[in-house]
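**Q**
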Amino acid sequence: MRKHITKKRDQEKQTIRFMIDLYCHKHHKEHPCQECEDLYAYASKRIEHCPFMETKTFCSSCKVHCYRKEQRDKIKEVMRFSGPYMLLYHPLMALRHMINTSKQHWEKRKTKGVS
Numbered sequence: 002m003r004k005h006i007t008k009k010r011d012q013e014k015q016t017i018r019f020m021i022d023l024y025c026h027k028h029h030k031e032h033p034c035q036e037c038e039d040l041y042a043y044a045s046k047r048i049e050h051c052p053f054m055e056t057k058t059f060c061s062s063c064k065v066h067c068y069r070k071e072q073r074d075k076i077k078e079v080m081r082f083s084g085p086y087m088l089l090y091h092p093l094m095a096l097r098h099m100i101n102t103s104k105q106h107w108e109k110r111k112t113k114g115v116s
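Residue 35 in my numbering sits at position 34 of the sequence shown, and the numbers go up by one each step.
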């Protein structure tokens, strides 16, 4: 079980690293810039210490928001920008994200008793 959680953490960190790198490359002259490196370090630390990693799908659907408002707003901006580009630059990662989104949607419906 521990191996599964470690793999999930690594995949999440890999995805966030890719999204931040893509955002930084398209928006900042210096790549990687310190702001984006700090954002990745912050996000990575949150992923590493997440107590819900075994059952969670995405931070946005979590009942406990551990990101400070400033970092949460910035990561949303990064994800909104990078998300569509993932299909172009990393289709497998995008596909995995879409599968997890669908899984989250169906599990939510199942717990509400909607078929």
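Beta carbons: idealized from backbone N, C-alpha and C, even for Gly.
What is the rounded straight-line gap between the Cα of Ser83 and the Cα of Lys77?
**A** Spanning the two alpha carbons is a distance of roughly 10 Å.
**Q** Buried or exposed: Thr56, going by 16 or more other Cβ atoms within 10 Å of its Cβ?
**A** Result: exposed.
**Q** How far does the alpha helix (DSSP H) with Lys30 in it extend, from its first residue to its last?
**A** Unbroken run through Lys30: none, as it is neither H nor E.
**Q** Go to Met87, then tell me how far its alpha helix (DSSP H) extends in each direction, as first and last residue.
**A** Unbroken alpha helix (DSSP H) run through Met87: Lys70 to Tyr90.
**Q** Arg18 and Tyr43: beta carbons closer than 8 Å?
**A** Contact flag unset, no.
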